[in-house]
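Residue numbers (the working numbering), protein chains in the order written: chain E, 1 to 350; chain D, 351 to 700; chain L, 701 to 1317; chain C, 1318 to 1934. Structure first, then comments.
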Amino acid sequence: MTFVKPAVHHKRLEKNALGLTVRDYEGALSTLCAGCGHDSVTAAIIQAFWHLSIAPHRVVKLSGIGCSSKTPTYFLREAHGFNSVHGRMPSVATGANAANRELLYVGISGDGDSLSIGLGQFCHAIRRNVNLTYILENNGVYGLTKGQFSASADVGSKAKRGEENRQQPIDPVMLALTLGATFVARSFSGDKAQLVPILEAAFKHQGFALVDVISPCVTFNDHVGSTKSYMYTREHYRELVEADLVPLRKPIEADGARAATTQVRMHDGSLVTLRGTEPGYDPTDRDRVYMRLREIAKAGEIATGLLYVEEGGADMHEMSATTETPLVEVPFEELCPGAAALDKLMSQFR
Amino acid sequence: MTFVKPAVHHKRLEKNALGLTVRDYEGALSTLCAGCGHDSVTAAIIQAFWHLSIAPHRVVKLSGIGCSSKTPTYFLREAHGFNSVHGRMPSVATGANAANRELLYVGISGDGDSLSIGLGQFCHAIRRNVNLTYILENNGVYGLTKGQFSASADVGSKAKRGEENRQQPIDPVMLALTLGATFVARSFSGDKAQLVPILEAAFKHQGFALVDVISPCVTFNDHVGSTKSYMYTREHYRELVEADLVPLRKPIEADGARAATTQVRMHDGSLVTLRGTEPGYDPTDRDRVYMRLREIAKAGEIATGLLYVEEGGADMHEMSATTETPLVEVPFEELCPGAAALDKLMSQFR
Amino acid sequence: MGEPIRVNDFAIRIATVNGTGSASANGMLMQAIFRMGIPISGKNIFPSNIQGLPTWYEIRVSGEGHTARRPEFDIVVAMNAETYGRDVADVRAGGWLLYDSTWPLDPALASRSDIHYLGVPLSALCAEGFEGARTRLLMKNIAYVGVLVALLDLDMEIVRGMLEETFAAKRHLIDANLSAIALGADYARAHFACPLPIRAQTMDATRDHIMIDGNTAAALGCVYAGATVGAWYPITPSTSLFDGFTRFCKKFRHRADGKANYIILQAEDELAAIGITIGAAWGGARAFTSTSGAGVSLMNEFLGLAYYAEIGCVIFDVQRVGPSTGMPTRTQQGDILSNIYASHGDTAHVALFPADPGECFTMARDAFDLAERYQTPVFVVSDLDIGMNDWMVPKLKWDDAYRPDRGKVLSAEQLEQMDAFYRYLDVDGDGVAYRTLPGVHPKGAYFTRGSGHDKYGKYTEDAAKYTEVVDRIARKVRSAKERIPAPVIERADGPADFAIVTVGGCDRAVREAIAAYAKQGVRVDYLRVLGFPFADEVEAFLREHAINYVVEQNRDGQLRRLLLLETGIERDRIASVVDYGGLPLSKHAVMSGIARLRPDAAAPESTGLHSKLGARA
Amino acid sequence: MGEPIRVNDFAIRIATVNGTGSASANGMLMQAIFRMGIPISGKNIFPSNIQGLPTWYEIRVSGEGHTARRPEFDIVVAMNAETYGRDVADVRAGGWLLYDSTWPLDPALASRSDIHYLGVPLSALCAEGFEGARTRLLMKNIAYVGVLVALLDLDMEIVRGMLEETFAAKRHLIDANLSAIALGADYARAHFACPLPIRAQTMDATRDHIMIDGNTAAALGCVYAGATVGAWYPITPSTSLFDGFTRFCKKFRHRADGKANYIILQAEDELAAIGITIGAAWGGARAFTSTSGAGVSLMNEFLGLAYYAEIGCVIFDVQRVGPSTGMPTRTQQGDILSNIYASHGDTAHVALFPADPGECFTMARDAFDLAERYQTPVFVVSDLDIGMNDWMVPKLKWDDAYRPDRGKVLSAEQLEQMDAFYRYLDVDGDGVAYRTLPGVHPKGAYFTRGSGHDKYGKYTEDAAKYTEVVDRIARKVRSAKERIPAPVIERADGPADFAIVTVGGCDRAVREAIAAYAKQGVRVDYLRVLGFPFADEVEAFLREHAINYVVEQNRDGQLRRLLLLETGIERDRIASVVDYGGLPLSKHAVMSGIARLRPDAAAPESTGLHSKLGARA
Ligand SMILES: Cc1ncc(C[n+]2csc(CCOP(=O)(O)OP(=O)(O)O)c2C)c(N)n1
Ligand SMILES: Cc1ncc(C[n+]2csc(CCOP(=O)(O)OP(=O)(O)O)c2C)c(N)n1
Ligand code: SF4
Ligand code: SF4
Ligand SMILES: [Mg+2]
Ligand SMILES: [Mg+2]
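Below, the structure is given as structure tokens:
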């Protein structure tokens, strides 16, 4: 397909429902390389939060270690952030979410962080269905340690110095589908028009939402021969599903102009409209999605879009029957059984 | 299906090509619970090694920690064994294999060992295609720590004390297929007739061979309500592919009596004959295998057999272009470049 | 027999096969004696396996209140033919071997002339008295309890009462148990002179006490301290801590709508368990994990993060024999240093050292207060002996006036009024900075990281800005000594000949040794450290004594090393007495250890066979 | 100017933006001076980031051969407007600031009256002289080299020769570089009095030396020692060790058929890296991994296994600032204790402490010999400064007579003749048991485990059998001190006023300090530990001195702590002098640290501005 660079909307001064401008969703200045895909993802995140009118301080942003994992500093300066240790963001996010289920959790990771050292935690966060948007900024290399192949490097992909990767890549999308993830998307840092609505839907999703974003590393993996370069991604890009989120606040209008849509109602009532770009693609049929993605991969193309979504699954708290009140807010008086109860209990130990 | 307990062949005194009896393939007395599925797997391993006439001391047996991981003591007393740390057998096996590619490596693990703490290493050993038979003795619980759910516990499966598991299981077979494993089998500790030939084929396979064996824990997970009990497994058992290995030594005879067979030539030239028990099942078509297994799982059945096999893939050493000579045997004189070369090299550092 | 009568002063070892149901029989025996008002303790010496291997249960009865392990067995109940050899050898000279005489004893084993052989055909009696293989097996255990009821003169009314309580509505079980006891007791009375010279007699020393294991008590402490997030990965001997926490939460922590006021996450491994704990603590919950040495080894990187990013969380290390897998069902104090200095780089972690289940309960609470006050990981350093064995301790008490010390947390109101908030600024000059919780207020937002940061929380690679923060952290952690419980100090009557310094579960054996020394006229001062960083009293005490024997259960003298590193004491004034074979400490080990270092010191008095002490099981 | 002429004694700091190609320009400068025969060293102070942030390169030139960092800069080359402020401040009083005068300097920055401002319109010159943005950017770097060639009077023939070597057939690159140099040099000669009072002059002190970083040298050592299996996970600052190993293996280790005589596995994380290393060592290969602190933290459990199961493998810890992620591009010696006592339970690991790349090479070799001899993990404790910076060391040498010490390995023939083989039996009474390799002989088979085992290799939970093995292991590891390289000891002329004890890369700065003390008439004895367990000489040396200053680069005085724990020295005779901000050690830090403890001791002499030393970058 030909790739159309998304129109950049200059909404700088426009205000959202909270009266905030896009600026209010920004963070510190990026220290990444000029042109790094991760910076585009950051921009899309800012856009999505702004667009959804989410109060920045009700967001928690977490990451592991890597260039990608640095990015939480670059958005939402009013959100608590946690740049944890390499590959272990999922557990930290799980714990934070356990303590306070009311906040919105967004985790940023890289392919090294998620698929090498962090593979176990990544898979188990999916299994636990932690209510977390997991953005995997996928560039096929370890950027911060200067360009070694990561586990998502494709067979035959060439490193900057010329070696060819011979190991099978781990595809986070296929893995997530296999592990039962309830929201699986892939996009491209260069396609903000696609990425922003996917992120919006992910933020609304109740449960673990994987957003795998091909995010080229201009310094170590953007050369000819790399399969994670801008050029390669653009040339092999195939959009399967366009997503569009209609937040609860807005009246839902029928979009008569476009056919073949699926609508998924998110936890908070908002609607995601999914438009398959090929006939018969059903983003709610896990197995058919899996097969179609395999075919596309075999054809050497990169399937993108909100590839699979299943709303209504129990997240970690539901599986644990945790109280609706965030645990941090339950008063101590309700937590401590008190002296009398202890005294009574003691008789069982005699 | 009805389940037929395999006939136990008393070959105790029969000798194999090396002049060894089954006894020569045994190990220390088991200290597992009477009736533990793992002991049956041990018996099958002994049988398979004996039948293939593999010299015990040319085998390396490794494990992590757990009841399952204790079993390497119970077979092949003349083989070096390594009971390593919990969940990390794959890396130890990878290293041992790196040092000496000529030996036969068999790793024994449990579902806790492989799918919880060890999930990352498990996946990466597949990705690296380490030449290793990986036997996962799967009982849905942590036996050695007394019966907690493991990551392979099915949704709705009941623990002995009554709690119900609510998390999605991780199915090692589906995972291995997704990750590109070249040999994927599942069997049942109670079905030695099926298990032994699968193990034989696995031992012959060049590369990573997963043998997932449902192996009931009679002490903590064999009650009504458990989906990894003997009873449940027997009742939901579905054999998809019968395997039969014809070692290189024996003349290969055409088996006219059975149709619908696929023959796969193993690395050493021996042939595995696969007989699909349902029409159209092709154990060499990864994607169709994946789909069929999903269907069977959805129908509440457990697919067994040598489910997928692909011979001829490059294993870790081939991908690394390592010399055929085991590295442990390369003489030091060949390894050390010597004083003259160093002297020459030094000029580059001025 | 010539043996003098000894009341409420004996030790029994019961040898069985694990998985055969002897645990409840042994528990019954314990409880009966305890309810007779007699101080008692039980040590379970079990294999790392589920079923079919030798296991021992040791009961110490002591009217004087000594409840340390006493590896000098008056009676050995030998129910496992596989271990007859060592079981016969383990009877003290003059003691009794109780065995199942359904089958004759191997003559080689029957040849000790210095002990009494008491054969009871337990299997045969049960085969006659009961139906069904499983019932017979179980009732054989109850039958040996019956034999001991007669031999030791236990109060049958108490036993009956216990059974009625336990089985409540299940009359047939009460009857079955009672008749099994009768089988044993009647046979004993018919064939042996009952009671034996060693025997039990009702007293009133356990009224305000309970029998409890440390993991259960610690779990209860976590519930009472208000912990809401628990993350763990199963590992012996810490598993029962989370079993207990789960049980108590189910009991105490469900709201009216049935919803849980807590969340327990069985993690995929220890890295995830500590990650979840840190995440939850950072999010504002009282969060903890529980593990053993191997788990702590895996948590090292994360512990360094929590130290440097200043996240207060609680880790229970129920120690077992290490390094590596070691002996998972044996006790040791081998992780003292690896807990306190966990992680690469310069670190030191706050730690509490409970000596028994009572302290597990209170220290669990204290650990959360310290963690939140000092914003740093706090270890509760327990061990298998404390965590899994049955200890007699005063009833646990709770003060309803207690409220958690959350330390310096800024509320939304406080933040609203501030110009700016900086996470790592030492505003009060006490080394502890203010923290904020996520979601509370936009002004409270900051970026937590394990990479270099300055006091404003900003990323830095600047030497001075970096060191300023780590220097404050060092100061902060050192200052925790002010809130660490003071050491237990007990002084001899008059000037001491020497001092013993110890930690954790060594307490009982050391006290018993000191009592024995006192009887021999040797005066010993006693100190037990309760936490790290050491309170000032610790060094002051050490300085009082020319020689301090540091008694602990590890090979390399880790507490002694810690004292050497973290106090100013001269090395010659602290000497190591170690015992690290994996069994709970005994007076004997303490005294013989000291005797080895100090030829003039009294060796433990002996009432029998000692040669193989500790080397068994 | 009044400044006296100082030949071959100056320090330059070059401030640029990372990712702009200044590294090769700085390297050219270094090489030119080195080839002029003048001792030199380079320190790269770089950010943990890939492109666009401030980075500094420091060059120390010292005819006397002092190559420690000297944070007192005669010339600062300020090429990064973002850091002009600190760069101006970092020029010593009387020194020179070289800046790009294409744009005027902010008057606030131009106001130091005690330094000389040398403005060169580098951008303008390059814009004129070259085409294309990238070329102009690169050539600007070469142009400042040109300026320095003129200012310092570097030998232009040497520079030309270097360029011809480097670009060989690429004439146009040689020409471009030469003209960029000419641009700078000509401008300097036209506008400034060249050379400056500080300047270079050809000498003959580097003839038998090379410039190399420690990671490259260590990698070469591994190749020469016959390592065949390397497993690693990328982490700064250890990554270049495996880059080097890969490069040298490609060069030296392919057989005639093109096949590799080695295997390098990029593991999925550090747990896998050490697991692979242990597996390969167990399988009989010389195997190693390389990491930094965070990696070692993750390896703790596996290291305990290797210790207890007695598997000899080699771990390079190229230390950076910790705990946690810390400052990944700054140096520290913060992992000394976490290396040596890695793992829960009682452990102690053998360690070697190289001081420079030369020792990285020899100690890599020694580490494998020790690992196989003592069947235990061996650390090579390097750091970022040693590992990644450019050091001048004598050419590496190799003795072709060297053969690996495989320790006690039984061959098939030996096994064939034995009745029975037991893995953990102390046959020779030296604490080291015989081992066998998989696949060699049926009689050699045994079961390796991290769980309790007796000396026959059999599983055990028996106290005596367990302790027998761990006691032997303790003895074995202690005995390694016999083969640990002896400490470097250098004595003052006449009785010493005090001693300095140090480790690793502190060597150069400490020696420089000692030389300075000597000039002031203060006599200082010197000891540098080369490994652990400490050779006996270490304690003997400490005992000779009333006071030993232990100089090291971490907050808590880890070497001092190790000496306290592992020698018998009194605590008052070892005092800590620490520097842990992440920059390579300087004489100044050593002397001012000692002066703080010892008011009578001389402070470092000063030639200029010192106030912000070390606090920069
Ligand atoms: C325990 C540990 N090991 C290794 C590292 C070094 N390290 C930092 S980032 C990184 C890889 C990052 O790769 P990726 O997640 O793909 O992020 P990218 O930089 O490509 O965005 C590594 C190996 C570390 N920080 N911690
Ligand atoms: C690091 C570490 N954590 C925890 C344990 C405790 N542990 C021993 S075995 C085991 C689980 C074993 O489960 P599985 O692999 O399924 O084996 P099974 O016993 O069921 O055969 C656990 C958690 C350990 N040995 N090491
Ligand atoms: S190195 Fe690659 S991933 Fe890292 S900031 Fe630069 S372009 Fe981005
Ligand atoms: S506990 Fe379960 S898995 Fe372990 S030995 Fe017993 S039956 Fe087997
Ligand atoms: Mg990446
Ligand atoms: Mg299991």
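Virtual Cβ for every residue (Gly too), placed ideally from N, Cα, C.
Ala1857 (chain C) and Leu1880 (chain C) have their alpha carbons spaced roughly 12 Å apart. Using a CB distance cut-off of 8 Å, Pro1104 (chain L) counts as an interface residue toward chain E. Per DSSP, reduced to three states, the secondary structure at Lys344 (chain E) is helical. Cβ atoms of Phe1327 (chain C) and Val1378 (chain C) come within 8 Å of each other, at about 5 Å. The C-beta of Ala900 (chain L) has 16 or more other C-beta atoms within 10 Å across all chains shown, which makes the residue buried. The three-state reading of DSSP puts Asn1865 (chain C) in strand, counting E and B together. Proximity of the segment 1065-1078 of chain L to the segment 1173-1186 of chain L meets the contact definition, three or more beta-carbon pairs being nearer than 8 Å.
The Cβ of Lys298 (chain E) sits no closer than 8 Å to any Cβ of chain C.
Contact between the segment 1505-1512 of chain C and the segment 665-683 of chain D is absent: fewer than 3 CB-CB pairs across the two stretches fall below 8 Å.
Around the Cβ of His436 (chain D), a 10 Å sphere holds 16 or more other Cβ atoms; the residue is buried. When L:Phe1147, L:Phe734, L:Phe1002 are compared, the shortest CA-CA separation from Ile910 (chain L) is found for L:Phe734. Flagged as an interface residue toward chain C: Val85 (chain E), by a C-beta distance shorter than 8 Å. Rounded to whole angstroms, the gap between the alpha carbons of Val272 (chain E) and Phe82 (chain E) is 29 Å.
In the three-state reduction of the DSSP assignment, Glu137 (chain E) falls in the strand class, which pools E and B. Beta-bridge partners assigned by DSSP to Tyr1897 (chain C): none are found. Gln168, Ile170, Met174, Leu175, Thr178, Leu179, Gly180: these are the residues of the segment 168-192 of chain E whose beta carbon lies less than 7 Å from some beta carbon of chain D, given in chain order. DSSP, read as helix, strand or coil, puts Asn1361 (chain C) in strand. Chain L places a beta carbon closer than 8 Å to that of Gly120 (chain E), counting this residue as a contact. In terms of side-chain proximity, the C-beta atom of Asn515 (chain D) is found no nearer than 7 Å to any non-hydrogen atom of ligand 6. In the three-state scheme derived from DSSP, where H, G and I count as helix and E and B as strand, His909 (chain L) is classed as strand.
Its chain contains no residue whose beta carbon lies nearer than 6 Å to that of Glu645 (chain D) once the 5 sequence neighbours on both sides are disregarded. Of the residues assessed, Trp803 (chain L) falls on the exposed side of the cut-off, its CB having fewer than 16 other CB atoms within 10 angstroms. Residues of chain L with a Cβ closer than 8 Å to the Cβ of Tyr580 (chain D) do not exist; the shortest Cβ-Cβ separation is about 17 Å.
Here the segment 1247-1263 of chain L makes no contact with the segment 1091-1103 of chain L; the two share fewer than three CB pairs at distances below 8 Å.
For the segment 803-869 of chain L, the continuous alpha helix (DSSP H) assignments of 4+ residues that do not extend past its boundaries occur at 822-829, 833-852, 856-867, in sequence order. Contacts with chain D at 8 Å (Cβ-Cβ) include Arg294 (chain E). Relative to the Cα of Thr284 (chain E), the nearest Cα in the group E:Thr42, E:Leu195, E:Thr262 belongs to E:Thr262.
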